[in-house]
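Just so we're aligned, residue 0 is where the sequence shown starts under numbering that gives the first Met the number 0, counting upward by one.
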Amino acid sequence: MNGEIPVSKLIASAAIAVSVLASSTAFAGEKTVTLAIKNMYCADCPFIVRKSLEAVPGVSKAVVSYKDKTAVVTYDDSRTDVATLTRATTEAGYPSAPRS
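Dropping the structure here:
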């Protein structure tokens, strides 16, 4: 066999790799949460809140409403979670919690 890998082994290895990739991404999903935001008192506040959320890895979208005092955040739940999102806004000076 002079050091070559048989084609059947290459195909089997590729099939296993595809199966592992498919199963690891099967649990990931896009989720949306609405956060109630405190301490927003001016028109610049939503910009700061949005930037703090967008800096979190896994966040794909953050829409912040000054009027409603909320942030609607779309994120990849395999990369982040609600606790990390609320920590990001809190560290920016705007404590938040999931809106019920």
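Here a beta-carbon is modelled for each residue, glycine too, at the ideal position from N, C-alpha and C.
Sequence-distant partners of Ala35 (beyond 5 residues in either direction) whose C-beta falls short of 8 Å from its own C-beta, in its chain, are Lys68, Thr69, Ser95, Ala96, Pro97, Arg98. Going by C-alpha positions, Cys41 is about 22 Å away from Lys60. In the DSSP assignment, Ala87 falls within the unbroken alpha helix (DSSP H) covering 81–90. Nearest neighbour of Val62 by Cα position, chosen from Thr73, Ala54, Glu90, Pro56, turns out to be Thr73. Collapsing the DSSP output to three states places Pro94 in coil.
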